[in-house]
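Numbering (this note's numbering), first residue to last: 28 to 209.
Backbone N, C-alpha and C define an ideal beta-carbon position, used for all residues, glycine too.
All values derive from a computational prediction rather than experimental measurement.
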Amino acid sequence: MSDTPDLISNPIPDSVRDRARGIRLVAFDVDGTLTDGRLWFDHEGNETKAYHVEDGLGLRLLIDNGIVVALITARESASVKARARDLRIDHVFTAVKDKLACLVELCKQLDIELSNVAYMGDDLADLPIFPYAGLAVAPANVHPWVRDRVHWVTTKSGGEGAARELSDLILEAAGHREAILS
28 MSDTPDLISN
38 PIPDSVRDRA
48 RGIRLVAFDV
58 DGTLTDGRLW
68 FDHEGNETKA
78 YHVEDGLGLR
88 LLIDNGIVVA
98 LITARESASV
108 KARARDLRID
118 HVFTAVKDKL
128 ACLVELCKQL
138 DIELSNVAYM
148 GDDLADLPIF
158 PYAGLAVAPA
168 NVHPWVRDRV
178 HWVTTKSGGE
188 GAARELSDLI
198 LEAAGHREAI
208 LS
């Protein structure tokens, strides 16, 4: 463990911190990761989701410190696109049938190795990516079948600060913490 006091509430294994040091791209599933997984529909069938403001700040801090952020979701969602516009996230992929192929193509375009990618997901659709990601992470509300397939599980659930925990870990591992705090 680091001697530096941690902003992150759970003890993080050194192996996870080591993996976090080389991250250049952080990709997130959306439903159950950036949201609590519930889908709200109005009387006209329009979908609504709730996003946590702390997660949004974490994603912005990553981008502002030179770490690429991507959203990859299996659902077509105007809500996801609106949230991405709000946070100025350039890499947004909705209605994705093969998340691994999508991530591999993005890595090729950005000239980033999969070993330099952190990926956060919470359910079966995310399983194909986990073995290839340099850092595979799940929120506390991860499906039990998926829990043992990631390097680290956050203390917070999706839509309740889990993405911020991951963002803080990566920013700290990259040496950005002090500059952010000043």
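(message) Using DSSP's beta-bridge definition, name the partner residues of residue 118.
(response) Taking the sequence shown and counting its residues from 1, the one referred to as residue 118 is at position 91. DSSP output for residue 118 lists 97 as bridge partner(s).
(request) Report yes if the C-beta distance between residue 144 and residue 130 is below 8 Å; otherwise report no. (result) Position 117 of the sequence shown, counted from the first residue, corresponds to residue 144. Position 103 of the sequence shown, counted from the first residue, corresponds to residue 130. Their beta carbons are under 8 Å apart, which means residue 144 touches residue 130 by this criterion.
(message) Using the three-state DSSP reduction, which class does residue 208 fall into: helix, strand or coil?
(response) Position 181 of the sequence shown, counting from 1, holds the residue named residue 208. In this structure, residue 208 counts as helix in the three-state DSSP scheme.
(request) Could you say which of 38, 40, 124, 53 lies nearest to residue 161 if we only look at CA atoms? (result) Looking up residue 161 in the sequence shown gives position 134. The shortest C-alpha separation from residue 161 is found at 53.
(message) Along the chain, where does the beta strand (DSSP E) containing residue 162 start, and where does it finish?
(response) Position 135 of the sequence shown holds residue 162. Segment 162–165, the beta strand (DSSP E) holding residue 162.
(request) Determine the direct distance from the alpha carbon of residue 136 to that of residue 188, and round the result to whole angstroms. (result) In the sequence shown, the residue the question calls residue 188 occupies position 161. In the sequence shown, the residue the question calls residue 136 occupies position 109. Cα to Cα, residue 188 sits roughly 29 Å from residue 136.
(request) With DSSP collapsed to three states, give me the class of residue 132. (result) On the sequence shown, residue 132 is found 105 positions in, with the first residue counted as 1. Helix at residue 132.
(request) Go through its chain and collect everything with a Cβ distance to residue 38's Cβ below 6 Å, but skip five positions before and after it. (result) The sequence position of residue 38 within the sequence shown is 11, counting from 1. Answer for residue 38: no residue qualifies.
(message) DSSP three-state label for residue 200, please.
(response) Taking the first residue of the sequence shown as position 1, residue 200 is located at position 173. Looking at residue 200 - three-state DSSP - the assignment turns out to be helix.
(request) Evaluate the contact criterion for the region 96–115 versus the region 71–84: three or more CB pairs, one atom per stretch, below 8 Å. (result) yes
(request) Could you tell me the boundaries of the beta strand (DSSP E) in which residue 47 lies? (result) Mapped onto the sequence shown, residue 47 falls at position 20. Unbroken run through residue 47 is the alpha helix (DSSP H), 41–48; no beta strand (DSSP E).
(request) Give the secondary structure of residue 192 by DSSP, where H, G and I count as helix, E and B as strand, and everything else as coil. (result) For the purposes of this step, residue 192 is taken as residue 165 along the sequence shown, with counting starting at 1. It is helical.
(message) Comparing C-alpha positions only, which one of 140, 173, 151, 57 sits nearest to residue 86?
(response) For this step, residue 86 is matched to residue 59 along the sequence shown. Comparing Cα positions, the closest option is 57.
(message) If you reduce the DSSP assignment to three classes, tell me which class residue 57 lands in.
(response) Against the sequence shown, residue 57 aligns to sequence position 30. Residue 57: coil per DSSP, three-state reduction.
(request) Compare the Cα-Cα distances from residue 178 to each of 198, 186, 59, 148 and report the closest residue. (result) Residue numbering aside, residue 178 sits at position 151 when the sequence shown is read from its first letter. The candidate whose alpha carbon is nearest that of residue 178 is 148.
(message) Please state whether the Cβ-Cβ distance between residue 155 and residue 126 is less than 8 Å.
(response) Residue 155 sits at position 128 when you count from the first residue of the sequence shown. Residue 126 sits at position 99 when you count from the first residue of the sequence shown. Going by C-beta atoms, residue 155 is nearer than 8 Å to residue 126.
(message) Check this for me: beta carbons of residue 55 and residue 190, under 8 Å apart or not?
(response) Residue 55 sits at position 28 when you count from the first residue of the sequence shown. Residue 190 sits at position 163 when you count from the first residue of the sequence shown. Going by C-beta atoms, residue 55 is nearer than 8 Å to residue 190.
(request) Could you give the DSSP three-state label for residue 81: helix, strand or coil? (result) Walking along the sequence shown from the start, residue 81 turns up at place 54. Three-state result, residue 81: helix.
(message) Determine whether the beta carbon atoms of residue 186 and residue 61 lie at a separation below 8 Å.
(response) Residue mapping note: residue 186 aligns to position 159 of the sequence shown, counting from 1. Residue mapping note: residue 61 aligns to position 34 of the sequence shown, counting from 1. Going by C-beta atoms, residue 186 is nearer than 8 Å to residue 61.
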